[in-house]
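What follows is a short report on a single structure.
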Amino acid sequence: MIDLKALEQDPDAFARALRRRGDVANLDELLRVARERKELLGRLQAMQEERNKLNEGMKKATPAEREAGRDRMRKLGDEVKALEAEQRIIEERRDALALQFPNSPRPDVPDGKDEHGNVEVRRVLEPRKLDFTARDHVDLGVGLDLVDIERAAKISGARFAFLKGQGARLERALASFMLDFHLAAGDVEMAPPLLVTGQTLVGTGQLPKFGEDLFSVNFGPPKEAGAAPLYLIPTSEVPITNYYAGEILDEERLPLRFCAFSQCFRAEAGSAGRDTRGLIRQHQFEKVEMVRFATPEQANDELERMVQRASDLLTALELPHRVVLLCTGDMGFASEKTYDLEVWLPSQATYREISSCSTCGSFQARRAQIRYRPTSADPKKQEKPRPLATLNGSGLAVGRTWVALLENHQLADGSVRIPERLRPYLGAIDTLRKDESRGAP
RNA sequence: GGAGCGGUGGCCGAGUGGUUGAAGGCACCAGACUUGAAAUCUGGCGUACUCGCAAGGGUAUCGAGGGUUCGAAUCCCUCCCGCUCCUCCA
């Protein structure tokens, strides 16, 4: 949620910042509604005050006086009730409008309308020069009997996959490796719920605007009315960030650093036809996520550290990658600054996103009402709560890491070398080879 | 699915329709006492909105919404959530 107070104080600055991301259509209307509400609230509160004062007198009034005051009170009560109804309506309208606006980009985010405006920050590790033609992960995976996409389509439709044998184990190994990496750095591991309420998704910004990207789930068979559906999480950022929804944390506790492994579910409504081959874009995938709660002053440092963490993971897996600073047009709705990490894919001879690390500033914190109480300089006075900063970053997308590992470490004969650091998680094998002892898939 | 109970401030917990933003306790903060600490005593201590340069004032808030009433934490209705027992289940 955008900061309504800041908007009212300096609407022009707000419009300028938002215009960098494109549309600012309803900003004026939001401002108008906000001011209308204030005016209404003034009248309402004056009326409530009068009512309360009159009522005070009723307590010790004689029966005759009470009888006399009754009419007046009844009328005043009705008027108050009417204004309260107006207030509810106008606040609903204000909130509905306010929830539509994306976060404002920070000044150090480059302008641009799509991914072409992104700025490469650095490259890490040189892609290997192959003396043979690179196979893609589907050819490699099918060749080694690690994956079966056709049969998954039979079971669940497009954009699903079975991982098989060492392929399944590799996925598990990667996730485990990543989590241990984060734990060694001091993160707290979480295993979150995968189904969440609509309110939770409003907190992180997926709703109300982006419901079509989500899967929703009913209690029991589909029905027309009844209990509100739950949603499958598109990332564990959603449940973890909302973990402290509605709470006030003491400043001394910040920053808080969590990591979480989870399945992620995305409807991919807007991406029909994109990345249809292979495991790059699935309805269901695994991801290890980093989530941070920080003071606004700590946020920038935390962001850089997450990027470094993700990069270190890729380096540990010997995967060439680059860090990219996203431009205003390519950032997510809730983000005010985002770095993507892109891993080298030999089959496509290009870098593809494998992690996205963002600071959302106080945008999500205002939606989910997560605040912190600054440590007071004067021990006699306590500071007022402020929204804290939330950050999240992939560390890493496990499915895409699986893809990148196969492709980058493939050998001429179609087998795949396992990087040193991962071997303890795979029974100490150094290579994925075709298992000739088993029959055809 | 069947039966019952309950949702009050950071926590515990009282609350007869009006004097309750809400007793009391714990926790926390400041001060006093003490060489220091503990104990004790005194005071402070929710959140949001709103008016005001400020000091300070006002309004709302006892799970949510609606109703009865001049007046609701207290009475009525609906919903949500939690707990216990039985049933079922990984």
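Residue numbers 1164 to 1604, in my numbering, belong to the letters of the first sequence in order. Just so you know, even glycine gets a beta-carbon here, dropped at the ideal spot from N, CA and C.
As assigned by DSSP and simplified to three states, the class of residue i
i     : result
L1247 : The residue you asked about is not Leu; residue 1247 is Glu in the sequence shown. Helix at E1247.
A1388 : Below a pLDDT of 50, predicted positions are generally treated as unreliable, and A1388, at 48, falls in that range; no measurement from the model is reported.
E1449 : strand
D1598 : coil
N1571 : helix
T1513 : strand
V1566 : helix
D1475 : helix
M1164 : coil
P1265 : coil
Q1426 : strand
D1308 : coil
F1382 : coil
K1201 : helix
T1522 : strand
R1580 : strand
L1488 : strand
M1353 : strand
P1550 : strand
V1365 : helix
N1281 : coil
A1321 : coil
T1404 : helix
F1295 : coil
N1555 : strand
L1288 : coil
V1272 : coil
Exposure label - residue i; buried when at least 16 CB within 10 Å
i     : result
G1433 : exposed
R1314 : exposed
A1388 : Unreliable positioning characterises A1388 in this predicted model, as indicated by a pLDDT of 48, which lies under 50. The coordinate reading is nonetheless provided below. Label assigned to A1388: exposed.
V1282 : exposed
L1346 : exposed
P1604 : For P1604, the predicted model reports a pLDDT of 49, less than 50, meaning its position is unreliable and no value from the coordinates is stated.
P1587 : exposed
L1293 : exposed
G1368 : buried
V1284 : exposed
A1581 : The residue you asked about is not Ala; residue 1581 is Ile in the sequence shown. Classification for I1581: buried.
A1124 : A question about residue 1124 goes unanswered here, because the residues of the chain that appear run from 1164 up to 1604.
N1571 : buried
A1473 : buried
A1560 : buried
Chain-order list of residues whose beta-carbon lies under 6 Å from that of residue i (same chain, five-residue window excluded)
i     : result
Q1532 : G1409
N1381 : P1392
T1564 : L1337
G1232 : M1221
Whole-angstrom C-beta distance between residue j and residue i, which should lie under 8 Å
i     : j     : result
G1330 : L1309 : 3 Å
P1483 : W1507 : 4 Å
C1520 : V1272 : With 8 Å as the limit, C1520 and V1272 do not qualify as a contact, their Cβ atoms being about 13 Å apart.
N1555 : E1452 : 6 Å
Cutoff 7 Å; reference residue i; Cβ partners in own chain excluding five residues on either side
i     : result
A1575 : F1295
D1277 : G1492, D1493
E1247 : L1207
Cutoff 8 Å; reference residue i; Cβ partners in own chain excluding five residues on either side
i     : result
E1192 : L1260
A1430 : E1375, D1376, L1377, F1378, H1446
E1289 : P1483
Any contact between the segment 1252 to 1264 and the segment 1475 to 1492? By contact I mean 3 or more CB pairs, one from each, below 8 Å. no
With a threshold of 8 Å, are at least 3 pairs of Cβ atoms found where one atom belongs to the segment 1348 to 1364 and the other to the segment 1503 to 1517? no
Can at least three beta-carbon pairs, one atom from the segment 1238 to 1253 and one from the segment 1455 to 1465, be found at a separation below 8 Å? no
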